[in-house]
Amino acid sequence: MLILGIETSCDDTCVAIYDTKNGVLFNEIYNQELHKNYGGIVPELAARLHEKKIFFLINKAIKSTIKDFNKINAIAYTYGPGLFGSLLVGATVAKTLSYIYDIPNIEVNHLEAHLLVPMLYNKDLNFPFLSLIISGKNTQLVFVKKLGKYKILGCCLDDAIGEAFDKVAFWLGLGYPCGSKISKISKNGFSDSYNLPKPYLKGFSFSFSGIKTFMKNLIKNSPKDYQTKCNLAKSFEDTVFEVVMLKCIKALDFLSINKLVISGGVSANLNLRNKLSFIMKKRNGRLFFTKKNICTDNAIMIAYVGSIKLKKSENNSNINIFVDPKITLSNFYI
Ligand code: KG4
0 MLILGIETSC DDTCVAIYDT KNGVLFNEIY NQELHKNYGG IVPELAARLH
50 EKKIFFLINK AIKSTIKDFN KINAIAYTYG PGLFGSLLVG ATVAKTLSYI
100 YDIPNIEVNH LEAHLLVPML YNKDLNFPFL SLIISGKNTQ LVFVKKLGKY
150 KILGCCLDDA IGEAFDKVAF WLGLGYPCGS KISKISKNGF SDSYNLPKPY
200 LKGFSFSFSG IKTFMKNLIK NSPKDYQTKC NLAKSFEDTV FEVVMLKCIK
250 ALDFLSINKL VISGGVSANL NLRNKLSFIM KKRNGRLFFT KKNICTDNAI
300 MIAYVGSIKL KKSENNSNIN IFVDPKITLS NFYI
C-alpha cells in the first residue's frame, strides 16, 4: 500500500510517501523561515505559504518516486490540533485529491501520530508504554495502553517546553525559533553557575511560563559575553530536564511499567536523551526515540498512522472538509 501523508498543522509544509512494504519513499519539509521576522508564527501567513508550497511538494514526491499519482492507495492528512487556516489547506488538498483519484482519505490526529511514529523505527517497541510528547506546542505524559487507548496523565498548564526553549534562545540572541541552538552552546556551559527555580514539581503536569519569565529577566541583567550565555543555556536546560525526568520516573512508577518513549521536537535534544538513557538503564528499563528528522513535525508520522487506520478500515471517501484545531488526545480516553 502506498500512502501519501500531508501535514500542515502549523508552520511546516510536510509531504511524505510511505510504502507499507518498503518503508518511507519520500519525506520533505518546507520550513517557513518568514515568521522569523515577526518573532512568532503569524497564522494567516502560515496558511498562505502552505497553499503556495503544498502542490510543489506533492508533485516532487510523485515525480521523484513512483512517477504516477494513480499508484497512491490513500491520502492521510492532519485534521488537528493546529492552526485553523493551516489545517484547512492540508484538508482541502487531501479531500480534493481523494475525490479526483477516487481513493480513501484518512483523518489523522497530529498528537496520536507523535505517539505512534516511534514504533515505525523501533520494531521491538510494543504496548503498553509511557510516552512523553515534548514539542513547540505540547508537553504531555500519556499512557499508551494499546492502539487507540490513551490516557493523558499530565499536560502543559501554560507554555509548552519547546516554546520556553525558543524564547530563551531568542533572548540569548541565538535567533528564532532556535531551541536546538540552546543545546549547541550549553555544551560549553557550567550548570552550577545559576540556581534556577524548579518549575512546578507537583503531579504529572508541566508549567514553564515561570522559568521562562525568570530567564528573560536573568538574561536581561547578565553580561552578554559568550561564556555567560553558555552558562545560562546549560543551567536552563539542566533545570528543565531535571523536572521532566522526575515526572517521567513518577509516572513510570505510578503505572508500574518500564518503557519510556519520547517524541516531538525537543526529544531531539542530545542532553535529554543521554540523561534519560542513563536513568532508564539504571532502572533496567528501556528508552525509545525516533530519528531526529522525525522528532519535529513531519508527514511520515501522518502517513504511517494513516496506514494503520486504513488497515483497521478507519478511512472514508467523503469530501467534507474536516479539521478540528482544538482536538486533544482525550477523545481516545481509556
Ligand atoms: O515537534 P515540533 O516540530 O512541534 C511544534 O512545532 O510544536 O517541535 C519544534 C520544537 C521547537 O520549539 C524547537 O525549538 C524544539 O522543538 N527543538 C529543540 C531541539 N530541536 C528542536 N528543543 C531543544 N533541543 C533541541 N535539540
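Numbering (numbering that gives the first Met the number 0), first residue to last: 0 to 333. In this text, a Cβ means the ideal position worked out from N, Cα and C, and glycines have one as well. Nothing here was measured: the structure is a model prediction, and the numbers come from that model.
Can you tell me whether DSSP reads residue i as helix, strand or coil?
i    : result
G284 : coil
N315 : strand
G79  : strand
K51  : helix
G178 : helix
L173 : coil
D11  : strand
I184 : helix
A159 : coil
I65  : coil
I57  : helix
I74  : strand
CA-CA distance, residue i and residue j?
i    : j    : result
K223 : N30  : 30 Å
G81  : K274 : 30 Å
L48  : L231 : 35 Å
G135 : V242 : 17 Å
K310 : A298 : 18 Å
T227 : S221 : 8 Å
E111 : I293 : 14 Å
Y303 : N270 : 28 Å
F277 : I181 : 21 Å
Would you kindly report the start and end of the unbroken beta strand (DSSP E) that includes residue i?
i    : result
Y37  : Counting along the chain, Y37 falls outside any beta strand (DSSP E), and DSSP gives it neither H nor E.
L152 : K148 to G153
K145 : T138 to K145
If we count the other Cβ atoms within 10 Å of its Cβ and call it buried at 16 or more, is residue i buried or exposed?
i    : result
M0   : exposed
Q139 : buried
S312 : exposed
K233 : buried
L200 : exposed
L152 : buried
I333 : exposed
T289 : buried
G4   : buried
K52  : buried
D11  : buried
Specify, as a first and last residue, the run of the alpha helix (DSSP H) that residue i falls within.
i    : result
V322 : From DSSP, V322 is part of no alpha helix (DSSP H); its letter is neither H nor E.
I307 : I299 to K310
G4   : No alpha helix (DSSP H) contains G4, which is instead part of the beta strand (DSSP E) from L1 to E6.
K291 : K291 to C294
Exercise for review: Counting only runs of 3+ residues fully inside the segment 90-136, write out the beta strand (DSSP E) ranges in chain order.
Suggested key: DSSP runs (the beta strand (DSSP E)) wholly in the segment 90-136: 104-108 and 128-133.
Practice item. List in chain order: all unbroken beta strand (DSSP E) runs of 3+ residues lying wholly within the segment 14-49. Key: Within the segment 14-49, the complete beta strand (DSSP E) runs of at least 3 residues are 22-30.
**Study point:** Complete beta strand (DSSP E) runs within the segment 188-268 (minimum length 3 residues, chain order)
**Key:** Qualifying beta strand (DSSP E) stretches, in chain order: 258-262.
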